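Chains as they are written, first to last, in our numbering: chain A, 416 to 660; chain B, -14 to 246.
Written out as structure tokens, the structure reads:
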């Protein structure tokens, strides 16, 4: 099968010396839906930032078989769409239209094509008709959807989402999960929301203290209560409050 | 948290609202320049300026009370600066008062400067309020960009528009968190807390800036801003521009020909 992402011996230290990623190796295939789970501070977001070259460091990252380099960054970013956790960061334009159009305009599409893509992306997340609204006056659920539309409008082959369900109420959360299930692209989701992971992903990569500690199919990791407990994803001493896998 | 819009009433439907933002911006700018260039003793001309702006307000369907209220927010700042001029300006004395041991004199020329500053500030403020109340902020930015304002400036303004309430929300949340744990205390200590809060707010904004930049870079931003626009001049713009120019020219003529005095 074709590889969407290949990472070889990737390590990263923050400028203050804190080592966020330690020798990461992993492959993700085209069409897969993969969850990157781990406790707070495990390095999930840092890893995501490496997937489209916002952070770069030792080790190689290949996107669709091509090594990530300075000169192909633009191409990489059109293939790997990254949705940030806080929609207030993701949506930075004065109107929804400007925001969804931002990527396609930077990619250099013609005006007609940009408008077409914006329309399709907003329809794709059920937010058509919101073009002229200002992001500030939307609910968090709406902002999250539009955040995804800002990436879909670039038509990426790999969708990378950081904590898609953070701060959502259960209804908005399940609506968002339904929306994500309907997208056919390769999905990489960083989260510690295990309900989301179970509903969306076939495979889990468990990250803790910057290292991959487990990489397996969702059911086998979910049923390993000891593993989840050890890495801060299930309550201590588990049995009374244990999550039903 | 809910906030009122910076550009409240900008989605009404009126002749003025339908105009291209560029037309309105240039008209407002021309109006301000004309007002500033008018000699302060042309009382007549100022009445005409008022009439002109009143016409625009009526056409725009924006409640006049709203515009007055907004103007009242700014006028005190002008007055605060201008109110002392009549007391210090040298010239023919209009009146003098004894305040305890101090004799205070008011001069005619000083009063004229006060009138000059206040009336011109008021008219300019009114025209700017009408402009912002009838134009969506985003369209105004778009118009300014088309008029050749540097892209960096437009970007700064557009980020301001996008993030001002996000920041206000953050500040309000911090204040609530402080209030729920603070029980009086010394003035100095309170000031210190406020200082710390400002510092935290600055750091958070700085960090948000970094994250926003990452989000922009992730979508192919390379330092160049590009936007699409729907702006198009229509026949309406021509009517308005002509009408406005004729009105200003008429007021100018009354001044030059000395009809008012």
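Every residue gets a Cβ at the ideal spot worked out from N, C-alpha and C, and that includes glycine. Source: prediction; values computed, not measured.
Put simply, the CB of residue 10(B) is far from chain A, with every gap to its CB atoms at 8 Å or more. Interface criterion met: the Cβ of residue 503(A) is under 8 Å from a Cβ in chain B. The DSSP assignment places 136 to 164 as complete runs of the alpha helix (DSSP H) inside the region 123 to 199 of chain B, in order along the chain (cut-off: 4 residues). Taking residue 578(A) as reference, the option from 454(A), 420(A), 447(A) with the minimal CA-CA separation is 454(A).
Contact annotation: residue 480(A) and residue 569(A) have beta-carbon atoms that are not nearer than 8 Å. Judged by pairs of C-beta atoms under 8 Å, the region -9 to 11 of chain B does not touch the region 92 to 111 of chain B, as fewer than three such pairs exist. In the structure shown, residue 639(A) falls within a coil segment according to DSSP collapsed to helix, strand and coil.
Just so you know, the alpha carbons of residue 213(B) and residue 635(A) end up roughly 49 Å apart. Contact check for residue 622(A) against residue 462(A) passes: the beta carbons are separated by less than 8 Å. With fewer than 16 other Cβ atoms inside 10 Å of its own Cβ, residue 83(B) counts as exposed. Residues of the region 439 to 471 of chain A whose Cβ lies closer than 8 Å to any Cβ of chain B, in chain order: 464, 467, 469.
Beta-bridge pairing by DSSP links residue 478(A) to 420(A), 481(A). Per DSSP, the beta-bridge partners of residue 623(A) are 626(A).
Across the set 420(A), 546(A), 458(A), 438(A), the C-alpha of 420(A) shows the shortest separation from the C-alpha of residue 447(A). If you ignore the 5 residues before and after residue 434(A), its C-beta comes within less than 8 Å of the C-beta of 426, 427, 428, 625, all in its own chain and listed in chain order.
For a cut-off of 8 Å, the C-beta gap from residue 109(B) to residue 17(B) is around 5 Å, short enough to register as a contact. Note: residue 496(A) is bridge-paired with 574(A) in the DSSP secondary-structure output. Under a criterion of Cβ atoms nearer than 8 Å, the residues of chain A adjacent to residue 144(B) are, in order, 507. When beta bridges are read from the DSSP output, residue 631(A) appears opposite 619(A). For residue 118(B), the nearest beta carbon of chain A is not closer than 8 Å to its own beta carbon. Between residue 212(B) and chain A, the shortest Cβ-Cβ separation is below 8 Å. By the rule that beta-carbons nearer than 8 Å mark a contact, residue 550(A) touches chain B. The beta-carbon separation of residue 582(A) and residue 555(A), rounded to 6 Å, stays under the 8 Å limit for a contact. Of all residues in the region 516 to 535 of chain A, those with a C-beta nearer than 8 Å to a C-beta of chain B are 516, 517, 518, 520, 521, 522, 526, 529, 530, reading in chain order.
One alpha carbon belongs to residue 118(B), the other to residue 3(B), and they sit about 13 Å apart. When 242(B), 163(B), 98(B), 72(B) are compared, the shortest CA-CA separation from residue 87(B) is found for 72(B). At a cut-off of 8 Å between beta-carbon atoms, residue 80(B) makes no contact with chain A. Taken atom to atom, the span from the alpha-carbon of residue 521(A) to that of residue 534(A) is near 17 Å. Residues of chain B whose Cβ lies closer than 7 Å to the Cβ of residue 493(A) are, in chain order, 205. DSSP assignment within the region 45 to 110 of chain B yields the following whole beta strand (DSSP E) runs of 3 residues or more, N-terminal first: 78 to 84, 87 to 92. Residue environment: residue 215(B) is assigned as exposed (fewer than 16 neighbouring CB atoms within 10 Å of its CB, all protein chains considered). In the DSSP assignment, residue 559(A) forms no beta bridge with any residue. Taking the CA atoms as reference points, residue 185(B) sits about 10 Å from residue 178(B). Contact fails between the region 38 to 53 of chain B and the region 129 to 144 of chain B, because fewer than three Cβ pairs, one in each stretch, are under 8 Å apart.
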